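Using full-length UniProt numbering, count along the sequence shown one by one with no gaps and you end on 645.
The beta carbon of each residue, even a glycine, is placed where N, CA and C say it ideally should be.
It should be emphasised that the depicted structure is a prediction, and the values quoted were computed from it without experimental measurement.
Accompanying notes for the structure given below.
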Amino acid sequence: MILNKIYIEDVFTFLDKLEDKSVDLAIIDPPYNLKIASWDSFKNDEEFLTFSYAWIDKVLPKIKDTGSFYIFNTPFNCALFLAYLRQKKVHFLNFITWVKKDGFANAKKRYNHAQESILFYSMHKKNYTFNADEVRTAYESTERIKHAQSKGILKNNKRWFPNPKGKLCLDVWEITSQRHVEKENGKILKPKHPSIKPKTLIERMIKASSNENDLILDLFSGSGMISLVAKSLGRNFIGCESHAEYVHESLEMFKYNEYKSQHNRYDQNKIKTIIQAIFNEVGEDFLQIRTTDMSKRPSNIIGEEVYAKVVDNICKSEMSQDNLRKKNQVTQDSLRKNLFVDMHRMGLIERYNKNKEPTNPYIQSNIKYISLTPLAIEFLNAQDLLRKNFCYTQALENLLQGFGAECREVMIELDNHYLDIEEVMFFVTFLNIENFTRSEIIEYVREYRSLSRIQKEKLKELVQDYCNPNHFNGNKLDKRDYHNWKNQAQQIFSLLEQSVFFETNKERLILKTLNEENKQNDKKLKRSIKEKALYFEKHGVKKEKGFELHHIVPLCLARSVEEFDLLDKWENLIYIDAFNHAKISQTQNKHICLYFENCDVILSKGLKEEQESLYFTYIENALYKLDLQNTMLKYNKDLLHSKNG
């Protein structure tokens, strides 16, 4: 299953697909049987418990032996779950009490509710993640602690000094509900989901019980808060929610089909200019910002003008002076805000509120500071063009939330490895918002390609007619304007074209393969002459005119910089002297052809009339079958021996 995605489907169907022992941490916020909505209503307690025990049985095998899990619910229900879990091979750690502090008191025959309960379990008794220092909390008496930090406190005849990070976290958590956190213009916003959990609470769980790149399971996702926090903390996530309206309203980041960016025109060089300007001013520290134009606020404090100047210069390069004079300063402010929202989503900057706390990547208001991320620094310090382009490709992938990777996986399976605009619009954009599998989408594309030209035109006409705004009857939530829809697809194409994996040809998105033509014409894929010369010298290769290099596998199959490094090792290339190759093949009867078919490398031996083909399948994570690597290395040695002998 694809990671960093929320699946819109039944929880049991989802868990059947999820790989066993794949999850590092599960945070589960299931129905409480409080009848606050249809999904939280059951005929009786027996039906509720049958449902609850069923998902518990399904989820436990999915958690790693070193993993752990949290379950939210009422104190009464948690007591029942506790009894049921005693029968399972899991280890109880805590019965956490979350004191909400903002409960609504209306009961006069009992004490009013102001808490929820959280069960905390590990799969192994001792071997599990718990980062106690990551979740320390503030000491209650600041004056006493200030004194103790200098002189210490005497405990059991031993001198004790308080930890500067605070005290160890207790199992009673006083955290305000999320509905009292989200505000707009000073007014409390009513969350779309009735039981959304506070970001602070989820952060505590994830920091304590997982590490970066761990996989977080967000079962019963609801608004998706758990997934959002997991992503912001550098974890992978996978979630499930059967009610699409909550996810669709709250998680724009997971809607591949609704990518909205006003800054897709910014290319790599302009983004680098902004990053370099920020780095020159503050390095990796905080940069204080204001969103007003320089001419509006000439008395910016030291450092602030960087934020304004770099974007103002880009605005001027994007617009003619006449147009710029017609536009007011608010337009430039808006451009700047949207640009830095995009850069935040790209993973190139972090944005913070006045307390220097990280903010949601999608909000535009109340941003007071920014700082560069490790990805931005790596991009800035890249030593060669290819690595720089790979960093930028990762930023684009972050911005599109995996849509590029989805396109690539689909294209690899399709003949000729391309997608046109209509295929992306009509089929691929539905991968993440409807219950379609990748294989189903691929079949739809193939069926679409089997249509005649006239049939395709008829289909386009039908879709355009259906998408006519005049048919929306004032309700556009579930409708698409055809031209805007196509424009969004073209915007995505223009972004993907800047990555190392894709190129565009009119209205087609094509997978880039590392052939000689691409290497000569595309600066993204060139190796430096110095690097080649050093390699040839190291291996005693007498380079002559026409010397060529070929990858064993296409570059477009690398999923990360690390995998690219494996693909790009010189030992995994074959090198061919174009002038002497024919002579070598005649004397040694080795006519070598290297090409790709359905992601298999085909190495041909012998004359074309008596052609034999050896198929070597590309293996995930850039690992190759031993026979493929050995064959290529042997061919290299034979070729070098012939050349130097």
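Quick check: the stretch 20-32 against the stretch 66-75, are at least 3 beta-carbon pairs closer than 8 Å? yes
Assess, as a yes-or-no matter, whether the stretch 363-371 is touched by the stretch 225-245 under the definition of 3 or more beta carbon pairs within less than 8 Å. no
Going straight from the alpha carbon of residue 420 to that of residue 509, what length do you get? 6 Å
Hey, would you say residue 448 sits closer than 8 Å to residue 409, going by beta carbons? no
Quick check on the DSSP output: what are the complete beta strand (DSSP E) runs of length 3 or more inside the stretch 356-439, in order along the chain? 369-372 and 418-420
Given that a residue counts as buried once 16 or more other Cβ atoms are within 10 Å of its Cβ, and exposed if not, what is residue 452? exposed
Let me check understanding here. Comparing Cα to Cα, which of 380, 500, 174 and 504 lies closest to residue 280? 380
Going by CA-CA distance only, name the one from 413, 63, 232 and 176 that's closest to residue 358. 232
In the DSSP output, which residue or residues are listed as bridge partners for residue 463? In DSSP, residue 463 forms no bridge with anything.
For residue 15, which of helix, strand or coil comes out of DSSP? helix
Three-state secondary structure (DSSP) of residue 87: coil
With distance defined between alpha-carbon atoms, name the residue in 138, 218, 486 and 93 nearest to residue 165. 138
Between the beta-carbon of residue 15 and the beta-carbon of residue 59, is there less than 8 Å? yes
With 16 other CB atoms within 10 Å as the buried threshold, where does residue 483 fall? exposed
Residue 352 in three-state terms, based on DSSP: strand
Closer than 6 Å by C-beta to residue 493: which residues in its own chain qualify, once you throw out the five before and the five after it? Chain order, please. 504 and 509
From 100, 96 and 341, pick the residue whose C-alpha is nearest to that of residue 369; which is it? 341
For residue 206, name the three-state secondary structure that DSSP assigns. helix
Below 8 Å on the Cβ atoms is my guess for residue 376 versus residue 348; work out the distance and round it to an integer in Å. 4 Å
I'd like the list of long-range same chain contacts for residue 169, defined as Cβ closer than 8 Å, with 5 residues on each side in sequence excluded. 132, 135, 136, 137, 204 and 208
Over what stretch of residues does the beta strand (DSSP E) that includes residue 504 continue unbroken? 502-505
Out of curiosity, what's the CA-to-CA distance linking residue 6 and residue 222? 10 Å
Short of 6 Å in beta carbon distance, which residues of its chain neighbour residue 42, apart from the five on each side in sequence? Order them along the chain. 33 and 48
So, for residue 286: in the same chain, excluding its five sequence neighbours on each side, which residues have a beta-carbon less than 8 Å away from its beta-carbon? 352, 356, 369, 370 and 371
Is it true that the CB of residue 442 sits closer than 8 Å to the CB of residue 202? no
Contacts around residue 10, its chain only, beta-carbon distance under 6 Å, and the 5 residues preceding and following it disregarded: 242
For residue 445, collect the residues of the same chain with a Cβ closer than 8 Å to its Cβ; drop the 5 residues on either side in sequence, then sort them by chain order. 410, 414, 419, 423, 427 and 428
Pick helix, strand or coil for residue 511, following the three-state DSSP scheme. strand
Is the distance from the Cβ of residue 500 to the Cβ of residue 416 below 8 Å? no
Name the residue from 218, 55 and 387 whose alpha carbon lies nearest to the alpha carbon of residue 196. 218
So residue 82 packs on residue 119, CB below 8 Å; how close in whole Å? 6 Å
Neighbour-count burial assignment, residue 31, 16 or more Cβ in a 10 Å radius: buried
Since residue 74 and residue 19 should fall inside the 8 Å C-beta cutoff, what is the C-beta to C-beta distance between them, to a whole number of angstroms? The pair is not a contact, with the Cβ atoms about 31 Å apart (cut-off 8 Å).
By Cβ distance below 8 Å, which residues in the same chain neighbour residue 1 in space, the five residues on each side in sequence not counted? 7, 17, 18, 19 and 238
Just checking: is the beta-carbon of residue 134 within a distance shorter than 8 Å of some beta-carbon in chain B? Absent here is chain B; the protein component of the structure consists of one chain.
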